[in-house]
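A quick write-up on the structure given underneath.
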Ligand SMILES: [Zn+2]
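In the working numbering, the protein residues as written are 137 to 396.
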C-alpha cells in the first residue's frame with residue numbers, strides 16, 4: 137500500500153486543547169514534553185489588557201515547540217440550547233460583527249507572538265455560522281481571509297479529514313472528552329487504516345470542564361510516542377502547511393459517487 141504522508145507515515149494526528157485552561161499548562165504540556173510530542177493550544181485573547189497576560193502564559197510552551205492558535209476574543213457560540221431569552225448567540229450576530237471580532241483577535245495574537253508566520257483559528261463551540269433560517273450564513277469565508285487554517289467540529293460519524301479534499305478552513309475534529317484510552321487509540325488506528333488526518337479536541341485534562349481522565353490521556357501519548365515511525369503527530373498548522381504545499385495529482389475527470 138502506498139501512503140499519502142511523507143516518510144511512509146500512514147496517518148496524521150493533531151492534538152488540540154481549547155480555552156487556555158490551567159490543566160493545559162500544569163498537566164498536558166509536561167506530559168506532551170515527556171513524550172517529545174507537540175500540541176496546538178487554542179486560547180482566547182480576553183481581558184482588560186487585550187488578553188496579553190493570558191496569551192503570555194503560553195509563551196514557554198510556544199518556545200518549546202507547541203502551536204498557539206487563535207480562539208477569538210469573546211468566544212461567541214450558538215444560543216440554540218440556551219433557556220433564557222437573551223439574544224446573545226451567533227443567531228443574532230452579523231458577519232460584520234464576527235469579522236471585526238476576528239480582525240481584532242488577530243491583532244492581539246500577533247502582537248504577543250510576532251514570530252508566528254501562519255496562524256490557525258479554532259471556531260468557538262465548533263460553530264461556523266451567524267443568523268437564523270433564511271438569514272443564516274457561514275463565516276468560514278471570513279476565517280479563510282484571515283487565517284491559514286481553521287479547526288471546526290465534526291458533523292458526521294466519520295470526522296477523519298481526507299488529505300485530498302479537506303477544507304483547510306473548516307477542518308473536522310473529534311470531541312475527546314470522557315473518552316477512554318482504548319477509544320482514543322482506536323481512533324488513531326482507524327485514521328491509519330484510512331490514511332487520513334484526525335484532529336483530537338481536548339478541554340480539561342484530569343480536571344476542569346469536558347475532561348479527559350489523566351491516565352487515559354497518558355496512555356494515548358505513550359501510544360503515539362511508540363508508533364511515531366508510522367503515525368505523524370504534529371500541530372495543526374504543520375499538517376495544514378504540508379497539505380497546502382502538496383501538489384496532488386488528482387484525476388479531476390473521475391467523478392466518484394457520494395459514498396453516503
Ligand atoms: Zn472554546
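C-beta atoms are modelled at their ideal positions from N, C-alpha and C, and glycine is treated no differently. Since this is a predicted model, take the numbers as computed values, not measurements.
### CB of residue 235 within 8 Å of CB of residue 296, strictly
No.
Alpha carbon to alpha carbon, what distance is there between residue 316 and residue 203?
25 Å
(Q) When you compare the CB positions of residue 373 and residue 207, do they come within less than 8 Å of one another, or not? (A) Not closer than 8 Å, so no.
Does the beta-carbon of residue 207, which I'm using as the reference point, lie nearer than 7 Å to any heavy atom of ligand 1?
yes
message = For residue 216 and residue 222, I'd like the C-alpha separation in whole angstroms.
response = Put simply, the backbone Cα of residue 216 is about 11 Å away from that of residue 222.
Counting pairs of Cβ atoms below 8 Å between the region 294–309 and the region 332–346, do you hit three or more?
-> In the pairwise beta carbon analysis, the region 294–309 is classified as touching the region 332–346: at least three pairs are separated by under 8 Å.
My parser needs the beta strand (DSSP E) runs of 3 or more residues fully inside the region 155–186; what are they? 176–179
Quiz item: Span of the alpha helix (DSSP H) holding residue 192?
Solution: Residue 192 -> alpha helix (DSSP H) spans 188–192.
Subject >> For residue 165 and residue 201, the rounded distance between their alpha carbons >> reply: 11 Å
Which residue marks the beginning of the beta strand (DSSP E) containing residue 206, and which one marks its end?
203–206
Query - Per DSSP, cross-strand counterpart(s) of residue 287 - result: 258, 307
Less than 8 Å separating the beta-carbons of residue 282 and residue 242? yes
Among the candidates 231, 300, 339, 143, whose CA atom is the shortest distance from the CA of residue 179?
339
| field | Nearest residue (CA-CA) to residue 245, options 289, 183, 363 | value | 183
Quiz prompt | Backbone CA spacing between residue 349 and residue 258 [nearest angstrom] | solution = 23 Å
Worksheet entry | For residue 321 and residue 356, the rounded distance between their alpha carbons | 6 Å
>> Let's test the definition: count the other Cβ atoms within 10 Å of the Cβ of residue 195 and tell me whether it reaches 16, buried, or not, exposed.
In response: exposed
Assign residue 160 to one of two classes, buried (16 or more other C-beta atoms within 10 Å of its C-beta) or exposed (fewer than that).
buried
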